[in-house]
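Working notes, beginning with the structure itself.
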Amino acid sequence: MKMMEDKTKLTASQLFDLQDGLFPVQMDVDKPDCGDVVIFILEGESHADVDEQVSLQGLSGTASYNLLEPTLRVMANVCPYGQFTHAVVRGIPQSPSVSGVEVEVAKLQRQYGVLVGTLRQKVGLQVLEIPADTHTNTQLPESWRIEDMAIIQGDTALLTQPLNQERHQELNLNIVEMEDDTATLEGSDVLFTGREFFVGLSKHTNQRGAEILANTFRDFAVSTVPVSAGFRLKNICSMGGPETIIFSNREGARQTLRVMEQLTDHHYDVLSVPEDAAANCVYVRGAGDADYLLHPTKDECPDSVSVYQMFTGYTLLPTSCSEASKLGGALSSFCLLINRKLRY
Numbered sequence: 008m009k010m011m012e013d014k015t016k017l018t019a020s021q022l023f024d025l026q027d028g029l030f031p032v033q034m035d036v037d038k039p040d041c042g043d044v045v046i047f048i049l050e051g052e053s054h055a056d057v058d059e060q061v062s063l064q065g066l067s068g069t070a071s072y073n074l075l076e077p078t079l080r081v082m083a084n085v086c087p088y089g090q091f092t093h094a095v096v097r098g099i100p101q102s103p104s105v106s107g108v109e110v111e112v113a114k115l116q117r118q119y120g121v122l123v124g125t126l127r128q129k130v131g132l133q134v135l136e137i138p139a140d141t142h143t144n145t146q147l148p149e150s151w152r153i154e155d156m157a158i159i160q161g162d163t164a165l166l167t168q169p170l171n172q173e174r175h176q177e178l179n180l181n182i183v184e185m186e187d188d189t190a191t192l193e194g195s196d197v198l199f200t201g202r203e204f205f206v207g208l209s210k211h212t213n214q215r216g217a218e219i220l221a222n223t224f225r226d227f228a229v230s231t232v233p234v235s236a237g238f239r240l241k242n243i244c245s246m247g248g249p250e251t252i253i254f255s256n257r258e259g260a261r262q263t264l265r266v267m268e269q270l271t272d273h274h275y276d277v278l279s280v281p282e283d284a285a286a287n288c289v290y291v292r293g294a295g296d297a298d299y300l301l302h303p304t305k306d307e308c309p310d311s312v313s314v315y316q317m318f319t320g321y322t323l324l325p326t327s328c329s330e331a332s333k334l335g336g337a338l339s340s341f342c343l344l345i346n347r348k349l350r351y
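The sequence shown begins at 8 in this note's numbering and counts up one residue at a time.
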């Protein structure tokens with residue numbers, strides 16, 4: 008994250024003229040990258056004229072006004088939501104079954120391979136593949152659920168599980184590790200909308216875990232929401248694009264949605280799907296602003312196909328996830344998406 012100061016004097020009202028993530032042409036600093044912080048110098052405005060928290064039109068980021076100095080610090084999260092460059096995935100171990108649930112390992116591995124190929128060849132992401140854990144003494148049946156390993160936003164990754172130090176270097180991210188033994192947090196309980204975080208409180212994630220996430224990503228609001236027993240937040244909802252959330256129509260999911268609507272200051276379009284599995288999709292904005300949506304297949308979610316077809320202009324990519332679903336997983340469980348250049 009870079010800190011940049013604009014030498015041009017701007018009034019508070021001029022800041023609200025920033026449109027579509029573009030900064031004033033007279034700025035002396037280069038256009039910032041996602042996650043960079045720009046310090047604007049305010050001129051001719053009293054402290055009372057500027058709220059402590061300023062929502063900038065056209066910037067899907069946050070800004071905070073320093074009441075002690077006439078400056079405004081802006082988190083320049085100007086990249087469109089869903090714009091990623093890389094995907095991190097992890098191979099399927101030979102014994103991925105948990106709690107007595109049996110899956111067809113070969114089929115799960117094939118479905119994983121198809122998803123990886125889709126991300127690489129159709130969506131155009133660079134894929135970093137972590138080999139499956141093959142050591143019998145340390146094998147973790149759910150290690151393939153890499154989404155649960157970290158929450159990544161901008162150039163920061165909050166690790167919820169240990170990761171090999173060599174992988175830290177490959178990711179080229181600022182690494183924050185959870186060091187509180189009382190905290191539990193899994194990435195599948197975290198929904199980032201591009202504007203804020205929602206954290207589902209479940210048997211996998213608790214309030215202390217949510218507090219650590221909020222402390223890590225201080226430039227975004229973090230709200231906790233209830234999740235029905237046996238579910239993770241992303242089992243019942245996911246982002247279908249900028250400002251669009253896909254939600255399961257089950258009663259427990261509707262209760263979660265009502266709480267989210269009460270807590271947020273932003274407007275989202277909500278598309279309801281009749282099947283729980285259909286609520287988990289992976290949205291990526293590719294090169295040339297092309298929109299891609301990976302979603303469960305017609306065989307898996309026949310009643311939800313018509314909802315996906317409402318995403319006009321999208322490239323819809325039906326992707327099988329039946330075996331992972333038996334283990335409580337979903338499409339997003341297979342990958343961590345990053346908007347950065349990795350170091351090789």
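Just so it is clear, CB atoms sit at the ideal spot from N, CA and C, and this is done for glycine as well. Given the structure is predicted, the values throughout are model-derived calculations rather than measurements.
As for any alpha helix (DSSP H) of minimum length 4 sitting wholly inside the segment 222-304, the runs are 240-243, 258-270, ordered along the chain. Taking C-alpha positions only, L334 is separated from I99 by approximately 13 Å.
Secondary structure at F199: strand, using DSSP grouped into helix, strand and coil.
Here the alpha carbons of N179 and L278 stand approximately 35 Å from one another. For A157, the enclosing beta strand (DSSP E) covers residues 157-160. In the assembly as shown, K241 is a buried residue. Its beta-carbon has 16 or more other beta-carbons within 10 Å.
For A331, the uninterrupted alpha helix (DSSP H) segment begins and ends at 329-333. In summary, A113 is exposed, with fewer than 16 beta-carbon neighbours lying within 10 Å of its beta-carbon over all protein chains present. Put simply, the backbone Cα of P303 is about 10 Å away from that of S332.
Counting along the chain, Y119 sits inside the alpha helix (DSSP H) bounded by residues 112-124.
Between the segment 282-295 and the segment 247-257 there are three or more inter-stretch CB-CB distances shorter than 8 Å, so the stretches are counted as touching.
Considering only T200, V229, S195, the residue with the shortest C-alpha distance to D276 is T200. Counting other Cβ atoms within 10 Å of its Cβ, R265 stays below 16 and is therefore classed as exposed. When the alpha-carbon of V197 is set against those of G320, R117, T212, A94, the nearest one is in T212. Rounded to whole angstroms, P309 and Y315 show a C-alpha spacing of 11 Å. V183 is positioned such that its CB atom lies no closer than 8 Å to that of L135. Taking C-beta separations shorter than 6 Å and ignoring five residues to either side along the sequence, the partners of V130 in its chain run V291, G293, Y299, following chain order.
Excluding residues up to 5 positions away in sequence, N181 lie with their Cβ nearer than 6 Å to the Cβ of T163 in the same chain. Straight-line measurement puts the Cα of V229 at about 20 Å from the Cα of L344. Q262 places its beta carbon less than 8 Å from that of P233.
According to DSSP, Q133 shares a beta bridge with H93. Remark: C-beta atoms of L220 and L301 do not approach each other more closely than 8 Å. Under the three-state reduction of DSSP, I153 is assigned to helix.
With distances taken between CA atoms, T191 lies nearest to G207 out of R202, E203, G207. Distance check between F224 and each of P249, A157, M246, F238 places A157 closest, using alpha-carbon atoms only.
Under the DSSP definition of a beta bridge, G207 partners with V232. It is roughly 20 Å from the alpha-carbon of Q168 to the alpha-carbon of S102. Between the alpha carbons of M317 and G247 lies a distance of about 11 Å.
In the DSSP annotation of this structure, the continuous segment of the beta strand (DSSP E) that includes V183 starts and ends at 181-184.
One Cα belongs to T125, the other to C328, and the distance between them is close to 13 Å. Here DSSP, grouped into helix, strand and coil, assigns A139 to coil.
The DSSP-derived three-state label of P100 is coil. Approximately 6 Å separates the beta-carbon atoms of N346 and Q90; this is inside 8 Å, confirming the contact.
Under the three-state reduction of DSSP output, Y315 falls in the helix class. DSSP, read as helix, strand or coil, puts A190 in coil. The residues L208, T231, in chain order, have a CB closer than 7 Å to that of Q214 in the same chain once the five nearest residues on each side in sequence are set aside.
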